[in-house]
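A.B. asks:
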Amino acid sequence: EVQLVESGGGLVQPGGSLRLSCAASGFSFSSYWMTWARQVPGKGLELVANIKGDGSEKQYVDSVKGRFTISRDNAKNSLYLQMNSLRDEDTAVYYCSNGEQGDYWGQGTLVTVSS
Amino acid sequence: VVMTQSPLSLPVSLGQPASISCRSSQSLVYRDGSSNLNWFQQRPGQSPRRLIYKVSNRDSGVPDRFSGSGSGTDFTLRISRVEADDVGVYYCMQGTHWPYTFGPGTKLEIK
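Respectively, the protein sequence lines represent chains Z and L.
Each residue of the first sequence is one higher than the last, beginning at 189 in our numbering.
Each residue of the second sequence is one higher than the last, beginning at 18 in our numbering.
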């Protein structure tokens, strides 16, 4: 059974940093693209970044380029999202999912950017 | 790529069919000839769950009441007989052109 468990969310001030983690199990982690997506509560979905199985390719949505960094540790079956220079508009529930096309999703972790 | 959906609100009686339309601003045909158009269901208080990938392929465990069709820029999700468990928001997502993008969502409710 595929399991994706996000952690690391919380309250942070504008301009601050946060690192999200996603622990994966139930599939061959290193063979899969992995994705971070976000959803403002009550609003729609947005893909933020994804990373190839071996970490050799990464893609970001324009609104987070230069501020967010996606990475993975295949030895630990873990995905990360380092978020710097956070803005109010980054407030959202952040989900990790496996596959380029969002095969399975975790339960999400809430990030609140507010002073 | 901008994804649009209609209707945005869909009241349906139990046991009746439902249909959601999704349109993309560009063709979603990938270089291998396939189209990366996915459908997701998000029940109240839950994470998104993918139902359909590559236009018409049902994910494991998805009831055969759900079906997807379409090509190019026009796609449709059909539910043959709506059940109470189907209440939620349905999103289409294109996975051909980065950044992959979602439609605004269609809220299905029981009439």
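In this text, a Cβ means the ideal position worked out from N, Cα and C, and glycines have one as well.
For P65 (chain L), which residues in chain Z fall below 9 Å Cβ to Cβ?
C.D. replies: Looking up residue 65 (chain L) in the second sequence gives position 48. Near P65 (chain L) (Cβ distances below 9 Å), the residues of chain Z are A225, Q227, L233, Y283, S285, G290, W293.
A.B. asks: Residues of the stretch 44-61 of chain L with a CB closer than 9 Å to any CB of chain Z: list them in chain order, please.
C.D. replies: N53, N55, F57, Q59
A.B. asks: Going by beta carbon distance, what residues of the same chain come within less than 6 Å of S218 (chain Z), once the five residues before and after it are set aside?
C.D. replies: Taking the first sequence and counting its residues from 1, the one referred to as residue 218 (chain Z) is at position 30. Cβ neighbours of S218 (chain Z) beyond the five flanking positions: G241, N262.
A.B. asks: Should Q247 (chain Z) be flagged as near chain L, meaning a C-beta pair shorter than 9 Å?
C.D. replies: Position 59 of the first sequence, counting from 1, holds the residue named residue 247 (chain Z). Yes, because at least one Cβ of chain L sits closer than 9 Å to the Cβ of Q247 (chain Z).
A.B. asks: Should Y282 (chain Z) and L267 (chain Z) be called a contact, given that it needs their Cβ atoms to be closer than 9 Å?
C.D. replies: In the first sequence, residue 282 (chain Z) corresponds to position 94, counting from 1. In the first sequence, residue 267 (chain Z) corresponds to position 79, counting from 1. For Y282 (chain Z) and L267 (chain Z), no; Cβs fall outside 9 Å.
A.B. asks: Hey, S86 (chain L) and S52 (chain L) are a contact pair by Cβ (cut 8 Å); roughly how many whole angstroms apart?
C.D. replies: Counted from its first residue, the second sequence places residue 86 (chain L) at position 69. Counted from its first residue, the second sequence places residue 52 (chain L) at position 35. About 11 Å; that fails the 8 Å criterion.
A.B. asks: For K246 (chain Z), which beta-bridge partners are listed by DSSP?
C.D. replies: Sequence index remark: in the first sequence, residue 246 (chain Z) carries index 58 (1-based). Answer by DSSP bridge pairing, in chain order: Z:I239.
A.B. asks: Taking Cβ to Cβ, would you say G32 (chain L) is nearer than 9 Å to R98 (chain L)?
C.D. replies: The sequence position of residue 32 (chain L) within the second sequence is 15, counting from 1. The sequence position of residue 98 (chain L) within the second sequence is 81, counting from 1. Yes, Cβ-Cβ distance for G32 (chain L) and R98 (chain L) is below 9 Å.
A.B. asks: Considering S44 (chain L), what are the terminal residues of the beta strand (DSSP E) in which it resides?
C.D. replies: As a first step, residue 44 (chain L) must be located in the second sequence, where it is residue number 27. Where S44 (chain L) is concerned, there is no enclosing beta strand (DSSP E), given that its DSSP letter is neither H nor E.
A.B. asks: What residues from chain A crowd round G296 (chain Z), counting only those whose CB sits closer than 9 Å?
C.D. replies: The chain inventory of the structure shown lacks chain A, comprising the protein chains Z and L.
A.B. asks: Across which residues does DSSP place A263 (chain Z) in a beta bridge pair?
C.D. replies: As a working mapping, residue 263 (chain Z) is identified with position 75 in the first sequence. Beta bridge pairing from DSSP links A263 (chain Z) with no other residue.
A.B. asks: Using a Cβ cut-off of 7 Å, pull out every chain Z residue sitting near P116 (chain L), in sequence order please.
C.D. replies: Taking the second sequence and counting its residues from 1, the one referred to as residue 116 (chain L) is at position 99. Per Cβ cutoff of 7 Å: L235, V249.
A.B. asks: Near V190 (chain Z), which residues of its chain fall below 7 Å by C-beta distance, leaving aside the five closest residues on each side in sequence?
C.D. replies: Numbered from its first residue, the first sequence carries residue 190 (chain Z) at position 2. Within its own chain, the residues whose Cβ lies closer than 7 Å to the Cβ of V190 (chain Z), once the five positions on either side in sequence are excluded, are G214, F215, N286, Y292, listed in chain order.
A.B. asks: DSSP three-state call for E288 (chain Z): helix, strand or coil?
C.D. replies: Locating residue 288 (chain Z) in the first sequence gives position 100, where the first residue counts as 1. E288 (chain Z): coil per DSSP, three-state reduction.
A.B. asks: D295 (chain Z): which of L:G62, L:H114, L:S41 sits nearest, CA to CA?
C.D. replies: Locating residue 295 (chain Z) in the first sequence gives position 107, where the first residue counts as 1. The displayed chain sequence assigns Gln, not Asp, to residue 295 (chain Z). Of L:G62, L:H114, L:S41, the residue nearest in Cα terms is L:G62.
A.B. asks: Helix, strand or coil for V252 (chain Z) per DSSP?
C.D. replies: Here residue 252 (chain Z) refers to the residue found at position 64 when the first sequence is read from its first residue. Three-state result, V252 (chain Z): helix.
A.B. asks: Once DSSP output is grouped into helix, strand and coil, what is the label at E277 (chain Z)?
C.D. replies: Counting from one through the first sequence, the residue named residue 277 (chain Z) turns up at place 89. It is helical.
A.B. asks: Quick one: give me the first and last residue of the beta strand (DSSP E) that Y108 (chain L) is part of.
C.D. replies: Position 91 of the second sequence, counted from the start, is the residue given in the question as residue 108 (chain L). Where Y108 (chain L) is concerned, the enclosing beta strand (DSSP E) starts and stops at 105-111.
A.B. asks: Which residue's Cα is closest to the Cα of I37 (chain L): L:S30, L:S44, L:T113, L:T21?
C.D. replies: By one-based count along the second sequence, residue 37 (chain L) stands at place 20. Nearest C-alpha to I37 (chain L): L:T21.
A.B. asks: Starting from F57 (chain L), trace the beta strand (DSSP E) both ways and give me its first and last residue.
C.D. replies: Taking the second sequence and counting its residues from 1, the one referred to as residue 57 (chain L) is at position 40. Its beta strand (DSSP E) spans residues 54-59.
A.B. asks: Which of the three DSSP states, helix, strand or coil, is assigned to S26 (chain L)?
C.D. replies: Numbered from 1 along the second sequence, position 9 holds the residue referred to as residue 26 (chain L). Strand, per DSSP.
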